[in-house]
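Numbering (the working numbering), first residue to last: 302 to 376. All residues carry an ideal CB built from backbone N, CA and C; glycine is no exception. Note that the structure is predicted; figures quoted are calculated from it, not measured.
This is the structure in structure tokens:
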């Protein structure tokens with residue numbers, strides 16, 4: 302639960318400070334959404350938080366890949 306938000310932030314951040322801020326935001330968002338999902342869906346809270354964090358990582362990695370591809374095509 303501690304590594305995935307920072308890995309997601311590292312995909313899209315441009316500095317160490319931005320990585321810390323974005324990682325904290327992704328971690329907090331994952332915790333809130335995971336707890337809500339576990340409450341309403343009767344899931345285990347830890348698993349729900351991790352699944353949401355991994356989903357955020359996949360979105361960030363996809364965004365970074367598309368941005369990288371777009372930058373290579375422009376040059």
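Legend entry - First and last residue of the uninterrupted alpha helix (DSSP H) at residue 369: As a first step, residue 369 must be located in the chain shown, where it is residue number 68. DSSP places residue 369 inside the alpha helix (DSSP H), whose first and last residues are 346–375.
Legend entry - Burial state of residue 333 (16 or more Cβ within 10 Å): Numbered from 1 along the chain shown, position 32 holds the residue referred to as residue 333. Exposed is the call here.
Inset, instruction - Can you have a look at residue 461 and say buried or exposed, based on whether 16 or more other CB atoms are within 10 angstroms of its CB? - result: One cannot answer for residue 461 here, as it falls past the ends of the chain, which runs 302 to 376.
Inset, instruction - Give the secondary structure of residue 320 by DSSP, where H, G and I count as helix, E and B as strand, and everything else as coil. - result: The sequence position of residue 320 within the chain shown is 19, counting from 1. When secondary structure is reduced to three states using DSSP, residue 320 falls in the helix class.
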